[in-house]
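One structure is given here, and the rest of the page talks about it.
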Amino acid sequence: MRGRQVCWSDPKLQELAKKFVPATDEVWRLHNRKELDCLFFQGFCEEGHYGGRSKPTTTRQGIYCCTPSGQFLASVNTVDPRRMARMLEQALAKWAEVPESERYLDYDPKTRAGEIRRLEQRYPADGLPLRVYTRDMPRTDLPDDWRKAAWNVDSLWYQKTEARSLLPKKLKKGATHAWPERLVQRLARHNLVDNVRGQTNGFRAKHVKVGEITTTVLTLDEDRVTVRFEGRSETTTTGTWPEKGKVAGVDGFDTFARGVRTTLRGEATWSRSKARFLRFELAAEGTRWGRTRYNFRQDDVDEAPIGFAIVLDENDPGRRVAPAEVWHYGW
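Per my numbering, the very first residue in the sequence shown carries number 464; after that it's consecutive.
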């Protein structure tokens, strides 16, 4: 998200990008699995900016340009628009040198799509797919750079039976119902986290000190049921994280307590005939503190306000992204 805000908002880059077919993916899977799309990536990634190392690391993050046949053109890992532009121009120059006969695969990739297993295939289209937006709430001490307007987005998935379990069994005006603990924890542990500026760790079940959401039926007719959500969450733990420039075993790690405390409120509309939510709006506002290794809070560990907006996903097949911590769902 930082790259999108700081780098890809540049007008020159946007014009250059029109000459490419952009795609994005989770790099750990691409680098470690042996499925068709992963092997395709592995075929050229070592020629890029991470190539030639005597002690390879497990990451291959960055922007790569390649031909549809898998020939490497250029790559870089940066959010500097000038460096990114130079890389794209280099890739275009190399593309012009590739013979037409070498540009494309000798088969149609669609014919082998069934060989690929992806988490997006578990998208709960008949359940409750949600998008979770995170941002810092207004403060007078935010730095006057990209961090001032930083925000992030993740996904939160509930299956069909899980979505129905967020409502009272008998739908009548005034009826109340507590969300199942594991479904509240899914939200609190994996989505009510401080990922505003970057990547962060979720919480374990034992880190959830408070986790409760109640549904109340407000109005209903033959088909539509309007409900209100109210709740609280608090997660906290202590971890050790290396400061920038420190080396494990040499300079030592620093220990930080971190956590998030919120109050939740929202409303939703349920369709009885379609057995799904037509509208879902849940806001969480509270405070966060501490830091993790990659969430860029090195100079901002004190308690500060944070906000979350949780809404229905657009259900666009081209934008389906699995939750960052879907591995912990137990599906």
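Using N, Cα and C, we set each Cβ at its ideal position, and we do this for glycine too.
Simplified DSSP assignment, three categories, for residue i
i: ALA711; result: Confidence at ALA711 is low in this model, with a pLDDT of 47, below 50, so its placement is unreliable and no value can be given for it.
i: SER564; result: helix
i: CYS508; result: helix
i: ARG735; result: coil
i: CYS501; result: helix
i: ASN654; result: coil
i: ARG645; result: helix
i: ASN778; result: coil
i: PRO786; result: coil
i: PHE483; result: coil
i: VAL659; result: coil
i: LYS672; result: strand
i: LEU630; result: coil
i: PRO531; result: coil
i: PHE666; result: coil
i: THR522; result: coil
i: ARG742; result: strand
Same chain, Cβ closer than 7 angstroms to residue i, five either side skipped, listed in chain order
i: VAL673; result: ARG695, SER696 and GLU697
i: ARG728; result: PHE692, GLU693 and ALA746
i: ARG783; result: GLU583 and TYR586
i: LYS557; result: LEU536 and ALA537
i: LEU605; result: ASP599 and LYS611
i: ARG492; result: CYS501
i: ARG799; result: This structure gives no information on residue 799, because the portion of the chain shown stretches from 464 to 794.
i: ASP608; result: none
i: GLY525; result: GLY511, HIS512, SER538, VAL539 and ASN540
Residue i Cβ short of 7 angstroms to the ligand MG heavy atom set
i: GLY781; result: Although the ligand MG was asked about, the structure shown includes no ligands whatsoever.
Beta bridge counterpart(s) of residue i as assigned by DSSP
i: TRP752; result: GLY722
i: HIS640; result: THR678
i: VAL688; result: LEU683 and TRP733
i: PRO601; result: Note: PRO601 sits in no beta bridge, so no partner.
i: LEU619; result: LEU593
i: PRO425; result: Here the chain covers residues 464 to 794 and nothing more, so residue 425 does not appear.
i: GLU693; result: THR677 and ARG728
i: TRP614; result: ARG598
i: THR698; result: VAL671 and VAL723
Neighbourhood of residue i by C-beta distance below 6 angstroms, restricted to the same chain and skipping five residues each side
i: ARG724; result: GLU697, GLY749 and THR750
i: GLY533; result: PHE503, GLY506 and PHE507
i: LYS623; result: ASP589 and GLY590
i: GLN553; result: ALA537
i: TYR796; result: Residue 796 lies beyond the residue range present for the chain, which begins at 464 and ends at 794; the question has no answer from this structure.
i: ALA613; result: VAL659 and ARG660
i: ASN664; result: THR755
i: TYR596; result: VAL616 and ALA772
i: PHE743; result: ALA731 and LEU775
Cutoff 8 angstroms; reference residue i; Cβ partners in own chain excluding five residues on either side
i: LEU681; result: LYS636, THR689, VAL690, ARG691 and GLU730
i: ARG667; result: ARG652 and THR700
i: THR677; result: THR639, HIS640, ALA641, TRP642, PHE692, GLU693 and GLY694
i: LEU476; result: CYS470, PRO544, MET547, ALA548 and LEU551
i: ARG575; result: LEU499
- Item | Any 3 or more C-beta pairs closer than 8 angstroms across the region 637-653 and the region 504-513 | no
- Message: I'd like to know if the region 634-644 and the region 597-617 are in contact, where contact means that at least 3 CB-CB pairs between them fall below 8 angstroms.
- Response: no
- Is the region 671-686 touching the region 755-774, taking contact as three or more C-beta pairs under 8 angstroms? no
- For the region 539-592, which segments carrying the alpha helix (DSSP H) assignment without a break, of at least 4 residues, lie completely within its bounds, in sequence order? 544-560
- Segment contact flag, the region 568-583 with the region 767-775, C-beta cutoff 8 angstroms, min 3 pairs: no
- Item | Meets three-Cβ-pair contact criterion under 8 angstroms: the region 626-639 and the region 730-748 | yes
- Query: Does the region 739-759 come close enough to the region 653-671 to have 3 or more Cβ pairs within less than 8 angstroms?
  - Reply: yes
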